[in-house]
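A.B. asks: Going by numbering that gives the first Met the number 0, the first residue of the sequence shown is number 0, and it counts up by one from there.
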Amino acid sequence: MKFRLPGMDLTAEVRDGQAPVHQVVRGRGYGHVLLTTEYHGFVSTVLTVSSNLQDTQQLEFKSGAAWTCRLPLEPNDPIVETRELLACSAKQVRPQDEIRVFVHDASAKEQPTPNPQKELLTIL
């Protein structure tokens with residue numbers, strides 16, 4: 000998922016090691032990764048990124064059904080990458096699950112659209 004924000008782009012994805020994936024295997028762990036480009040905005044801001052699951056029966060963040068990350072940014076800040084563990088249950092509850100990601104930019108007059116965005120993961 001890509002969000003275009005004033006002065007930068009934000010990508011949210013599920014990774015197996017360094018590679019983005021759209022299929023997850025039961026009983027394995029993955030990284031839910033947020034990656035920004037260099038921030039070229041003119042003012043300081045704070046991005047609040049909320050990632051939500053419909054429940055924790057199939058997929059679960061280390062923090063539960065939701066993970067919220069605050070990214071304080073200053074003009075000309077370098078690339079920021081942060082991650083949270085995303086575990087897939089060994090039991091198959093459903094064939095697909097989704098992550099909804101919402102971004103709030105504290106300094107923006109208008110929030111990025113579409114917002115939230117969804118990523119559908121196939122459970123293998």
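Here a beta-carbon is modelled for each residue, glycine too, at the ideal position from N, C-alpha and C.
#1: I need the straight-line Cα distance from proline 5 to glutamate 97, nearest angstrom please.
#2: Using DSSP with H/G/I as helix, E/B as strand and the rest coil, what is serine 88?
#3: Check whether the stretch 37 to 55 touches the stretch 14 to 26, taking contact to mean three or more Cβ pairs, one atom from each stretch, closer than 8 Å.
#4: Do three or more CB pairs link the stretch 65 to 75 to the stretch 23 to 30 at distances below 8 Å?
#5: Within a Cβ cutoff of 6 Å, which residues of the same chain sit near lysine 117, ignoring the five residues on either side of it in sequence?
#6: Report yes if the C-beta distance between threonine 10 and leucine 34 is below 8 Å; otherwise report no.
#7: For lysine 90 and proline 115, I'd like the C-alpha separation in whole angstroms.
#8: Which residues in the same chain have their Cβ closer than 6 Å to the Cβ of arginine 82, if we skip the five residues on either side of it in sequence?
#9: Please classify glutamate 12 as buried or exposed, where buried requires at least 16 other C-beta atoms within 10 Å of its C-beta.
#10: Per DSSP, what are the beta-bridge partners of proline 19 in this structure?
C.D. replies: So, from the listed chains and residues:
#1: 27 Å
#2: coil
#3: no
#4: no
#5: Glu97, Arg99
#6: yes
#7: 28 Å
#8: Gly30, Val32
#9: buried
#10: Arg14
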